[in-house]
Structure formats: structure tokens, C-alpha cells
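Below is one structure, written out as C-alpha cells; the observations come after it.
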Amino acid sequence: MKLSDKVRYLREVEGSLRGLDRAMTQQELVRAIETETGGGISQSYLSQIESGSRPHLTNTTRLLLARFFKVHPGYLVDDPEGYHAELLSDVRALEDKLDLWLIGGAERFRRDPKLCKALLTLARHAESRNCLLLLEAILETPSLAERLLELLRPEIRDSRPFAKKASPINAHSVALQTPEAKKRKRRQ
Numbered sequence: 391m392k393l394s395d396k397v398r399y400l401r402e403v404e405g406s407l408r409g410l411d412r413a414m415t416q417q418e419l420v421r422a423i424e425t426e427t428g429g430g431i432s433q434s435y436l437s438q439i440e441s442g443s444r445p446h447l448t449n450t451t452r453l454l455l456a457r458f459f460k461v462h463p464g465y466l467v468d469d470p471e472g473y474h475a476e477l478l479s480d481v482r483a484l485e486d487k488l489d490l491w492l493i494g495g496a497e498r499f500r501r502d503p504k505l506c507k508a509l510l511t512l513a514r515h516a517e518s519r520n521c522l523l524l525l526e527a528i529l530e531t532p533s534l535a536e537r538l539l540e541l542l543r544p545e546i547r548d549s550r551p552f553a554k555k556a557s558p559i560n561a562h563s564v565a566l567q568t569p570e571a572k573k574r575k576r577r578q
């Protein structure tokens with residue numbers, strides 16, 4: 391990925407993270423950088439970086455942008471030719487890819503503020519992969535998702551048309567719904 395693409399992507403994500411439901415404009419980004427870091431970058435310089443006509447940053451600008459976007463300064467360079475992120479086997483690299491995918495999803499669903507917020511919350515969580523695996527386990531347990539929704543977010547349950555009322559949740563009823571419990575029940 392080229393530096394220009396990375397900076398443009400970070401500007402888009404920053405707008406989403408700030409609840410703008412769109413990418414920040416270059417001018418908004420310049421003002422935010424100045425306000426929040428005390429440093430400065432001109433809109434024309436930012437435009438040159440994003441267009442690719444300035445393929446390299448000064449060290450001062452790299453550190454300023456890294457501090458503002460909360461990324462490692464080493465991220466703000468072109469990836470070497472032949473570099474493919476999918477070749478990385480490090481678990482953290484995979485979680486970073488997952489988090490970026492979730493942020494991209496939040497951007498695509500920005501018109502649904504609740505879904506956008508949920509995806510961003512998941513992306514920001516230190517264990518986003520494990521959260522998704524937990525969600526899978528919840529969904530594989532019949533009626534557990536509905537019961538948890540009723541318990542944790544009753545306002546969502548009440549707003550759904552035709553939502554059936556789930557019975558109160560307790561450890562015994564959840565245990566009876568697990569796949570292992572169903573197998574035992576069938577054998578009896």
C-alpha cells in the first residue's frame with residue numbers, strides 16, 4: 391500500500407471515528423491536527439501527500455501524523471514492492487487486519503449509527519477476534535442471543551416488530567440449550 395493511500399484511508403477512518411458519517415475533509419483534518427497536537431501541516435502539503443506527488447514525508451510531519459492518527463511512525467511509508475500483508479503469520483497482524491476490516495465495515499454502514507458504533511467498539515477492543523468467536527458461540531446456542539438481547543438491551547428488543555418474548559435467562563435454561571445437552575436429551 392502506498393503512503394498516499396494510507397493517509398487518505400486514515401483521514402476517512404478518522405471522520406467515521408469522530409461520528410461525522412463521512413471522511414474528514416483535508417481542511418478539517420488540518421484544523422484538528424493543529425488543535426489537538428499543537429503542530430501544523432498545510433492543506434496543500436496534505437493534498438500533495440494524498441495525491442502521491444510527495445511520496446516521502448519529512449520526519450517532523452511523519453511524527454506529527456503518527457501522533458494524531460495514533461499509529462506507529464513506521465506505518466507512514468510506502469510498503470516495499472512485493473510486500474503482502476496476508477503473508478504475515480503473527481496473530482497481532484491478523485487482529486490488526488480484522489480491526490481494519492471492522493472499521494471499513496463501520497464506514498460502509500455509517501448510515502446506521504448503532505451498527506456503525508457496534509463495529510467500531512468491536513474494532514477498538516483489544517481482543518476483537520475472541521469477541522467474534524464468542525459471538526459465534528452465542529449464535530450457535532439456540533435462543534441465547536435473544537435472551538441476552540432481552541437482558542442487556544431491552545430497548546432494542548422492544549423496537550423490533552414481531553419480536554417474540556424470550557423466557558427469562560438463567561444458567562439452567564442456557565445449559566439445556568447447548569448442543570451437548572440436546573444430544574444427551576435425545577439419547578435418553
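Numbering (this note's numbering), first residue to last: 391 to 578. Glycine is no exception: its CB is placed at the ideal position from the N, C-alpha and C atoms. Note that this is a predicted model, so its numbers are computed, not measured.
Checklist entry - So, are the CB atoms of Asp-486 and Lys-392 less than 8 angstroms apart? => result no
Next on the checklist: Given a cut-off of 8 angstroms on the beta-carbon distance, is the pair Arg-452 and Pro-470 in contact?
Outcome noted: no
Checklist entry - Would you call Leu-436 buried or exposed, if buried means 16 or more other Cβ atoms sit within 10 Å of its Cβ? => result buried
Next on the checklist: Could you tell me which whole alpha helix (DSSP H) segments of length 4 or greater appear in the region 458-536?
Outcome noted: 481-498, 503-514, 518-530
Checklist entry - Should Ala-513 be labelled buried (16 or more other beta-carbon atoms within 10 Å of its own) or exposed? => result buried
Next on the checklist: By the DSSP assignment, the alpha helix (DSSP H) with Thr-425 in it spans what residues?
Outcome noted: 416-427
Checklist entry - Phe-552: buried (16+ other C-beta within 10 angstroms of its C-beta) or exposed? => result Residue placement at Phe-552 cannot be trusted, given a pLDDT of 39 that sits under 50; what the coordinates show is reported in the next sentence. Under this definition Phe-552 is an exposed residue.
Checklist entry - Going by Cα to Cα distance, which pick from Ser-406, Lys-507, Ser-434 is closest to Gln-417? => result Ser-434
Checklist entry - What are the start and end residues of the alpha helix (DSSP H) that includes Leu-407? => result 393-407
Item to check | 6 angstroms CB neighbourhood of Arg-401 in its chain, flanking five on each side removed | outcome: Ala-413, Met-414, Leu-419
Next on the checklist: Using 8 angstroms as the threshold, is the C-beta distance between Leu-466 and Leu-490 below it?
Outcome noted: no
Next on the checklist: DSSP three-state label for Ser-443, please.
Outcome noted: coil
Checklist entry - Where does Leu-410 land, buried or exposed, given buried means 16+ other C-beta within 10 angstroms? => result exposed
Item to check | Where Leu-478 falls, given that 16 or more other Cβ within 10 Å makes a residue buried | outcome: Note that Leu-478 scores 48 on pLDDT, short of 50, meaning its location in the model is unreliable and no value can be drawn from it.
Next on the checklist: Contact defined as beta carbons within less than 8 angstroms: I believe Glu-497 pairs with Ser-406. What is the distance between those atoms, to the nearest angstrom?
Outcome noted: 5 angstroms
Checklist entry - Going by the beta-carbon positions, is the gap between Val-397 and Glu-440 smaller than 8 angstroms? => result yes
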